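Below you'll find the structure, written out as structure tokens, and then a few comments.
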């Protein structure tokens with residue numbers, strides 16, 4: 012493994028080592044919070060679950076939402092930056108390269124301000140800007156989106172999950188202010204769907220890691236595609252040399 016291979020593992024390492032365990036903790040506190048609320052709503056009902064579970068769920072939920080968006084940005088950054096360096100995009104397309112780097116900065120800044128915003132208007136503005144930044148970065152040609160198989164695409168699952176986390180960050184104050192529980196029900200439905208997306212992320216991410224060759228293998232794999240090395244194949248078609256750059 013060289014430095015390029017190690018850099019490719021940063022995104023899955025953080026996702027597996029930090030984000031996925033955090034998902035389990037947040038789901039656990041969400042279950043406790045809902046159980047306590049339902050119990051206390053009963054006539055004279057008293058719950059043995061401490062009232063602090065709601066606060067812990069909120070705190071860890073915000074941490075999870077920010078982590079998911081950050082890991083999504085990291086997952087977009089690796090292919091973009093590595094291919095920029097490989098193809099010298101700075102020289103061939105300086106305007107687009109500058110725009111992409113600016114979008115990374117603005118998306119991160121928007122996420123920071125989203126966490127600090129209190130007014131509903133500003134929360135909506137910064138949530139929209141953060142989501143737009145993710146989508147624009149994901150539309151770059153350096154990103155492999157598996158468009159023909161979007162329904163099992165790691166990219167599409169990840170972007171949708173990140174957008175749902177942005178929505179959660181923007182709406183959590185409304186959950187506590189809404190006495191009709193409409194926002195709470197929306198939160199439960201959307202984040203239950205997000206949980207399914209996270210499960211899909213675990214599957215599609217593992218599959219994609221198996222499909223990505225190591226850096227030294229990549230030129231040989233490219234040559235196999237060039238030679239159309241699939242059965243039935245011509246004799247010697249699979250005897251390859253590294254593809255010429």
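In the working numbering, the protein residues as written are 12 to 256. Note that CB positions come from ideal geometry on N, CA and C, so glycine has one too. Being a predicted model, the structure only gives us computed values, none of them experimental.
Item: Euclidean distance between Cα positions of residue 34 and residue 175; Value: 14 Å
Item: Under 8 Å between C-beta atoms of residue 215 and residue 164; Value: yes
Item: Cβ-Cβ distance between residue 172 and residue 37 below 8 Å; Value: no
Item: Per-residue DSSP class, three states only, for residue 160; Value: helix
Item: Assumed close pair residue 43, residue 60 - CB separation to whole angstroms, cut-off 8 Å; Value: 5 Å
Item: Outcome for residue 181 when other beta-carbon atoms lying within 10 angstroms are tallied against a minimum of 16; Value: buried
Item: Integer Cβ distance of residue 108 from residue 169, believed to fall under 8 Å; Value: 23 Å between Cβ atoms; not a contact.
Item: The alpha helix (DSSP H) enclosing residue 194, as first and last residue numbers; Value: 193-222
Item: Residue 180, DSSP secondary structure in three states; Value: helix
Item: Completely contained alpha helix (DSSP H) runs for the segment 106-176, where each covers 4 or more residues; Value: 131-149
Item: Beta-carbon proximity check, residue 58 vs residue 51, cutoff 8 Å; Value: yes
Item: Inter-residue Cα distance where the pair is residue 20 and residue 157; Value: 20 Å
Item: Own chain, CB closer than 8 Å to residue 198, minus 5 neighbours either side, in chain order; Value: 179, 182, 183, 186
Item: Cutoff 7 Å; reference residue 226; Cβ partners in own chain excluding five residues on either side; Value: 13, 15, 16
Item: Straight-line Cα distance separating residue 155 from residue 166; Value: 8 Å
Item: Proximity below 8 Å, CB of residue 137 to CB of residue 124; Value: yes
Item: For residue 259, the three-state DSSP class (helix, strand or coil); Value: Here the chain covers residues 12 to 256 and nothing more, so residue 259 does not appear.
Item: Proximity below 8 Å, CB of residue 141 to CB of residue 122; Value: yes
Item: Residue closest to residue 32, alpha-carbon to alpha-carbon, out of 45, 209, 86, 228; Value: 209
Item: Whole-number beta carbon distance between residue 68 and residue 26, since they are thought to touch under 8 Å; Value: So it is not a contact: roughly 21 Å between Cβ atoms.
Item: Cβ neighbours of residue 147 in the same chain (closer than 6 Å, five flanking residues each side left out); Value: 114
Item: Assigned exposure category for residue 192 - 16 Cβ within 10 Å defines buried; Value: exposed
Item: Alpha-carbon to alpha-carbon, residue 95 and residue 71; Value: 36 Å
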